[in-house]
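Chemist: Residues are numbered in the numbering used here as their position in the sequence shown, beginning at 1, plus a constant of 3.
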Amino acid sequence: MRLPLILLAITAATSLATTEADLVRAGRRVSVHAIDSTLAPRRLDDWIRAVAGPGARIAWEANDCGEATGTAADAASDMPVCVEAEARRPDGRVIHVAIGIGSSRAGIAGSPELWWALVDSGGATREYRSLGALARALKPAP
């Protein structure tokens, strides 16, 4: 009787967040307050939409946080997993935000953390140390 329960638990654990869509869905739901305590609790996807502004086209993906080397060693490594938003604004600037949400072996695990927040503008890239700093930099001047 215990064997079916153990198999069910193993199957459920390995099926969690196994697709890119699952990872992106989980990352989009992360509260920005968990990443930057200066920000009010708000889902990452809502925050990105607000910061990017009207007319921005936002694309999401799950990736290795830029840590893969492209060698066979990658397969043996527990690679980090990031969810990245790329927001293309009508003014030509492109916002990139990557949030670490776990690893290739552990799946979605641990506290979310900022891997990068940057803005590309006409070939120049500016990186920000926090989501709050990024939001302030993109806020229109009064």
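Cβ atoms here follow ideal geometry from the backbone N, Cα and C, with glycine treated the same way. Note that the coordinates shown come from a computational prediction; the quantities given were computed from them, not determined experimentally.
Go ahead and label residue 48 buried or exposed: buried means 16 or more other beta carbons lie within 10 angstroms of its beta carbon, across all protein chains shown.
Modeler: buried
Chemist: Report yes if the CB atom of residue 102 is closer than 7 Å to the CB atom of residue 30, and no otherwise.
Modeler: yes
Chemist: Taking buried to mean at least 16 other C-beta atoms within 10 Å of its own C-beta, is residue 129 buried or exposed?
Modeler: exposed
Chemist: For the region 47 to 105, which segments carrying the alpha helix (DSSP H) assignment without a break, of at least 4 residues, lie completely within its bounds, in sequence order?
Modeler: 47 to 55 and 76 to 79
Chemist: Out of 77, 79 and 84, state which residue places its alpha-carbon closest to the alpha-carbon of residue 115.
Modeler: The candidate whose alpha carbon is nearest that of residue 115 is 84.
Chemist: Using a 10 Å radius around the Cβ and a threshold of 16 neighbouring Cβ atoms, would you call residue 137 buried or exposed?
Modeler: buried
Chemist: By Cβ distance below 8 Å, which residues in the same chain neighbour residue 51 in space, the five residues on each side in sequence not counted?
Modeler: 61, 88, 90, 98 and 100
Chemist: Taking the alpha carbon of residue 117 as the point to measure from, which residue in 54, 96, 109 and 68 has its own alpha carbon closest?
Modeler: 68
Chemist: Please report how far the alpha carbon of residue 95 lies from the alpha carbon of residue 141, in whole angstroms.
Modeler: 13 Å
Chemist: Look at the alpha carbon of residue 154 and the alpha carbon of residue 104, and state the distance between them as a whole number of angstroms.
Modeler: With the chain covering only 4 through 145, there is no way to say anything about residue 154.
Chemist: What are the start and end residues of the alpha helix (DSSP H) that includes residue 28?
Modeler: 23 to 31
Chemist: Looking at the secondary structure, which residues open and close the beta strand (DSSP E) in which residue 127 lies?
Modeler: 127 to 130
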